[in-house]
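Beneath this line is the structure, given in structure tokens, with notes to follow.
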Amino acid sequence: MMAKTGAGFFFEDYRVGQVIRHAVPRTLGAGERAMYHALYPARHAVHSSDDFARICGLRAAPLDDLIAFHTVFGKTVPDISLNARANLGYAEGRWLRPVWPGDTLTSESEVIGLKQNSNGKTGVVWVRTTGRNQRGEDVLSYVRWVMVRKRDAAAPAPETVVPDLAPAVAAEDLVVPEGLSFSAYDHALAGEPHRLADYAVGEVIDHVGGVTVEEAEHMMATRLWQNTARVHFDATQREDGRRLVYGGHVISMARALSFDGLANAQFLAGLNGGAHAGPCFAGDTIRAWSEVLDRAETGARDVGAIRLRLVATKGEGPDAGLKGEDGKYLPHVLLDLDYWALMPA
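Everything in the sequence shown is counted per our numbering, starting at 318 for the first residue and increasing by one.
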């Protein structure tokens with residue numbers, strides 16, 4: 318009988334320079350916004366209100382930036398991380414233009430690095446993924462690297478190629494959405510009075526709130542973004558019988574919680590780095606805190622950029638720490654994300 322199904326890509330299936338066009342195109346609508354705001358306590362005003370977005374020079378409210386990220390990411394899973402052991406990190410991410418209801422997104426990835434691990438059973442694959450709309454315009458680009466299982470441990474190791482990645486996206490390379498202006502910004506409607514100048518480098522913001530992850534909600538999120546990774550669906554994939562919460566669910570929850578203290582960080586603009594530091598399961602309570610890493614001007618006079626470290630934990634605040642003396646993340650840390658956001662200057 319001829320097989321019609323596949324087991325996905327294994328480490329030995331990748332080649333540096335390989336370009337993979339991912340299935341399936343996804344048209345996004347207002348339903349995705351409603352579902353996103355039902356799953357997460359997301360309240361940033363530009364993405365919540367057409368009227369507020371028009372005050373800021375846009376034609377209407379674009380979809381939340383992480384809706385674009387999750388959609389583009391989800392397309393890549395069957396080809397990049399179906400057989401992954403771990404999603405290891407992110408770099409050189411940029412949101413290049415807003416995504417609007419009615420846009421159709423596709424994803425394409427180029428393999429830019431390979432390195433077999435010393436155990437001979439797994440290897441690390443680096444890919445640069447680009448998401449495009451129906452007009453072929455780039456809306457998002459990022460690099461991620463993933464530890465992937467080998468199909469055959471005896472298969473020869475490929476030549477090691479480790480890409481040279483920038484430690485952070487340069488502020489001058491951040492893209493300000495066309496027409497965006499904060500000159501008439503309404504702080505009362507946005508929820509907080511703080512502008513870029515009100516934040517100091519090194520300042521730590523405890524976002525106070527917490528959300529307990531429910532089994533049904535994280536499963537719904539995984540299906541919504543069409544993420545087919547087995548560990549998120551199939552409890553038999555883990556010896557403990559627990560479904561691993563999709564890392565993007567943790568990112569969106571932490572970003573939504575960051576509204577308290579960063580309500581005016583309206584747009585995500587750059588993804589400098591990130592690590593899913595520890596596993597999250599249903600029943601865990603996610604809390605978040607942020608550290609201000611940098612501030613910068615942009616090409617728009619009244620739009621500033623703030624660089625933030627967003628940390629999600631299993632209920633602990635910033636006083637509990639981030640890493641131990643050995644340099645490894647402490648057990649309560651779920652996410653460590655370094656990103657740029659746009660806010661009133």
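A virtual CB, placed ideally from N, CA and C, is assigned to each residue, including glycine.
Handout entry: Cβ neighbour criterion (16 or more within 10 Å) applied to Arg604
Key = By the Cβ-count criterion, Arg604 is buried, with 16 or more other Cβ atoms from all chains shown falling within 10 Å of its own Cβ.
Exercise for the section: Would you identify the three-state DSSP class for Tyr516, choosing helix, strand or coil? Expected result: coil
Exercise for the section: Measure the CB-CB distance between Val389 and Gly448 and report whether it falls below 8 Å. Expected result: yes
Problem - Pair within 8 Å by beta-carbon distance, Thr602 and Gly564 - result: No.
Exercise for the section: Any chance you could list the alpha helix (DSSP H) runs of at least 4 consecutive residues sitting entirely within the stretch 512–559, in chain order? Expected result: 532–541, 547–550
Practice task
Could you pull out every residue in the same chain whose Cβ sits closer than 6 Å to the Cβ of Thr393, ignoring the five residues on either side in sequence?
Solution key: His339, Ser424, Ser426, Thr446
Practice task
Assign Thr630 to buried or exposed, taking buried as 16 or more other Cβ atoms, counted over all protein chains shown, within 10 Å of its Cβ.
Solution key: buried
Problem - Contacts around Arg626, its chain only, beta-carbon distance under 6 Å, and the 5 residues preceding and following it disregarded - result: Glu608, Leu610, Asp655
Exercise for the section: For Thr553, collect the residues of the same chain with a Cβ closer than 7 Å to its Cβ; drop the 5 residues on either side in sequence, then sort them by chain order. Expected result: none
Handout entry: His334, buried or exposed, once every other Cβ within 10 Å from all chains shown has been counted against 16
Key = Before going further, note that residue 334 is Gly rather than His in the sequence given. With fewer than 16 other Cβ atoms within 10 Å, it is exposed.
Practice task
For the beta strand (DSSP E) containing Val486, list its first residue and its last residue.
Solution key: Where Val486 is concerned, there is no enclosing beta strand (DSSP E), given that its DSSP letter is neither H nor E.
Handout entry: Three-state secondary structure (DSSP) of Glu614
Key = strand
Exercise for the section: May I have a chain-ordered list of the alpha helix (DSSP H) segments no shorter than 4 residues that lie completely inside the stretch 364–431? Expected result: 367–372, 382–397
Practice task
Could you check how far apart the C-beta atoms of Ala401 and Met464 are, in whole angstroms? I think they sit under 8 Å.
Solution key: 6 Å
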